[in-house]
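Report on the structure given below.
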Amino acid sequence: MSFNINLDYDSVTNHYPNHQTRPIIGITGNFGENGCTLGEGYYKSLEAAGAIPVVLPPTQNITEILTLLDRVDGILLSGGADINPLYLDTDPIPELHSINPQRDRFELLLTRFAFDRQIPMLGICRGMQVLTAALGGSLHQDIRAALPDAPLLKHSQDAPRYLPTHFVEAEADSTISSLLGSRFVVNSFHHQAVNEAGPHLRVVARSADGVVEAVESNEEKSIIGVQWHPECFIQNGDESMLPLFRWLMTQAESFRRARKVHQQILTLDSHTDTPMFFEQGVNFDHRDPKVLVDLHKLHEGMIDSVIMVAYLKQEGRSTSELEAATCKAQRILQEIKDMVGSVRGAEIAYTPKDAHRLKSMGRKAIFLGIENGYAIGRDLTNIARFRNEGVVYMTLCHNGDNDICDAASRSNNEHNGLSDFGKQVVDEMNRVGMMVDLSHAGEKSFYDVLSYSELPPVCSHSSSRALCNHPRNLTDEQLRALADKGGVAQVTFYHGFLCEDGQATISDVVAHLLHMIDVAGINHVGIGSDFDGDGGVPGLASEAEMLNLTRRLINEGFTNSQLRKIWGGNFLRVMSQWQKTY
């Protein structure tokens with residue numbers, strides 16, 4: 001046999017451009033006496049599916065784990081030894097087999113961090129158990145010890161690993177069923193198994209004896225775990241399990257594209273209510289479980305800028321109560337500034353240029369807003385005062401009428417739309433360059449402002465009434481009128497504005513956004529989550545999950561240019577129009 005290294009070199013370099021478009025899948029390596037090892041079926045299956053596999057050796061260094069996750073597009077959690085039950089806060093039983101302490105802590109942390117970043121994951125055998133344990137589920141340390149009276153199949157047998165040995169039944173609505181069918185054969189080499197799937201996963205397949213054979217996300221995320229060893233089949237020329245690896249490859253490719261989009265565009269969430277939680281001692285510099293918006297979640301979701309609002313509940317309108325409302329708004333705005341000033345990774349932004357500058361520096365931009373014109377009382381000078389504080393928009397009302405206008409909810413139709421004082425407010429907001437926000441405004445108030453304001457209003461967090469008949473949502477006629485004026489409507493994630501029955505999900509957000517685009521046009525829509533103000537649905541439960549929305553929009557065929565508009569370009573365009581007037 002002769003060797004020619006130049007032939008191998010040329011075969012690679014001639015196809016090098018393809019390497020840049022293939023997703024990188026990190027595979028957790030086994031660890032034992034021979035160091036870090038990996039069965040060849042794992043990487044051969046991923047290569048056959050079109051991905052680039054890399055081995056992730058176990059490390060206890062948190063910084064290294066996070067760095068790994070910034071460089072891969074998907075995770076494959078491989079099989080191996082039992083999981084130490086101490087990590088699950090339980091004592092070991094006699095039937096527990098050998099454990100692998102070098103892997104356990106690393107893989108449990110890796111899975112939690114990957115979950116926070118929405119990175120697609122496939123867990124195989126032990127890998128499914130790691131997924132379950134890391135995401136709040138529980139395990140059987142030994143199937144026969146846990147189910148002593150059940151007529152169990154032989155789940156750990158001596159047959160070659162590439163031979164199927166029993167049947168699996170999958171739920172009809174599951175991803176597993178769509179990939180492999182509702183009934184299929186698998187191999188099986190395990191004695192630990194999933195007991196309860198936990199809050200983020202659901203059981204989607206079982207063997208005939210009821211043992212859990214597959215789990216997947218119950219939040220429309222790219223997560224699957226299987227109990228058998230699909231990677232072994234390809235070693236015998238059997239490609240029946242390749243759909244699982246192709247699924248992981250395509251999900252990783254989608255994630256890679258979304259992450260690249262967010263690197264290239266400026267992203268804005270136009271309405272968040274995080275200051276409502278300040279009294280609970282929010283730590284904005286940490287991944288704080290009390291809130292849906294903090295620096296960690298903004299980084300994980302690759303969101304560059306948000307508008308935090310000083311929210312005021314509509315209360316009484318006596319002189320003293322109005323003065324108290326103004327003082328409260330001032331206090332909340334100062335609290336936002338103090339919070340942002342106390343961390344390194346964010347700054348208060350005043351203009352769209354600030355947001356672009358901060359993105360280039362790797363910092364998050366926090367804009368200021370006011371939700372409810374109740375904050376100005378009956379004193380028009382407060383508008384310029386708040387504008388000078390950096391407030392970029394003011395929502396004219398909240399739930400219930402105020403001195404400015406009638407509201408969409410809890411309204412007594414006090415003014416039949418915009419009041420005379422409200423017209424003065426709109427005039428002054430036009431003069432000083434503070435955007436008029438018509439979310440929460442009644443329909444008559446909405447049209448009054450459209451006809452009266454010189455500049456285009458915005459709706460910072462409103463969805464489509466055609467899809468969910470709620471007075472807070474915008475009719476198709478309102479959407480068209482707003483677009484004709486040059487304004488923008490931002491789809492929101494509050495479940496009550498997304499569907500009338502049941503639990504809304506990311507699919508409902510996508511449906512509302514697509515409808516609003518169809519009606520108003522691509523130049524007049526955006527995203528205003530209402531996180532920390534009751535916004536958030538499965539699949540879009542915090543700022544950390546925003547990449548999921550981009551992935552769905554990419555799948556709908558939106559281009560980078562269109563995504564740039566949706567993700568803040570339209571809203572910032574309107575903001576620039578207003579700020580040029582002052």
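In the working numbering, the protein residues as written are 1 to 582. Glycine included, each C-beta is placed from N, C-alpha and C at the ideal position. Only a predicted model underlies this, so the values are computations on that prediction, with no experimental measurement involved.
The three-state secondary structure of Glu169, taken from DSSP, is strand. Apart from sequence neighbours up to five positions away, the residues of its chain that approach Arg103 with a beta-carbon distance below 8 Å are Thr28, Asn30, Phe31, Pro58, Gly80, Ala81, ordered along the chain.
Taking one beta carbon from each stretch, the stretch 556–575 and the stretch 140–149 have fewer than 3 pairs nearer than 8 Å; the two do not touch. Secondary structure note for Glu231: it is in no alpha helix (DSSP H), with a DSSP letter that is neither H nor E. With contacts defined as CB atoms closer than 9 Å, Phe184 and Ala49 fail to qualify as a contacting pair.
Short of 7 Å from the beta carbon of Phe284, and not among the five residues preceding or following it, lie these beta carbons of its own chain, in chain order: Asp294, Leu295, Met339, Val343. Judged by their CB atoms, Ser453 and Val436 are nearer to each other than the 9 Å cut-off.
Within the DSSP bridge table, the entry for Asn187 names no partner.
If you compare the alpha carbons of Leu333, Asp158, Val203, Ala170 with that of Gly390, the shortest gap goes to Leu333. Each of Ile62, Ala172, Tyr162, Leu201 was checked against the Cα of Leu131, and the nearest Cα belongs to Leu201.
With fewer than three CB-CB distances shorter than 8 Å, the stretch 66–86 does not count as touching the stretch 171–183. Pairwise C-beta distances place the stretch 268–282 out of contact with the stretch 225–245, as fewer than three of them are shorter than 8 Å. Take the alpha-carbon of Pro94 and the one of Asn195: they are about 18 Å apart.
Counting along the chain, the unbroken alpha helix (DSSP H) around Gln129 starts and ends at 126–134. DSSP places Gln490 inside the beta strand (DSSP E), whose first and last residues are 488–491. Straight through space, the alpha carbons of Gln478 and Gly496 are spaced by roughly 19 Å. For Lys565, same chain residues with a beta-carbon under 7 Å away, outside a window of 5 residues either side, are Ile522, Asn523 in chain order. CA-to-CA, the gap between Met302 and Glu545 works out to about 9 Å. Cβ neighbours of Leu38 within its own chain (closer than 8 Å, five residues either side excluded): Ile27, Gly29, Asn30, Val55, Ser78.
Excluding its 5 nearest sequence neighbours in each direction, Ser156 has C-beta neighbours in its own chain below 8 Å: Ser188, Phe189, His190, His191, listed in chain order. Excluding the 5 residues flanking it on each side, Ala407 has same chain C-beta neighbours closer than 8 Å at Gln314, Cys397, His398, Asn399, Gly400, Asp401, His440, Ala441, Gly442, Ser445, in chain order. With fewer than 16 other Cβ atoms from the protein chains shown falling within 10 Å of its own Cβ, Asn560 counts as exposed.
Following the DSSP letters along the chain, one finds Ile366 inside the beta strand (DSSP E) bounded by residues 364–371.
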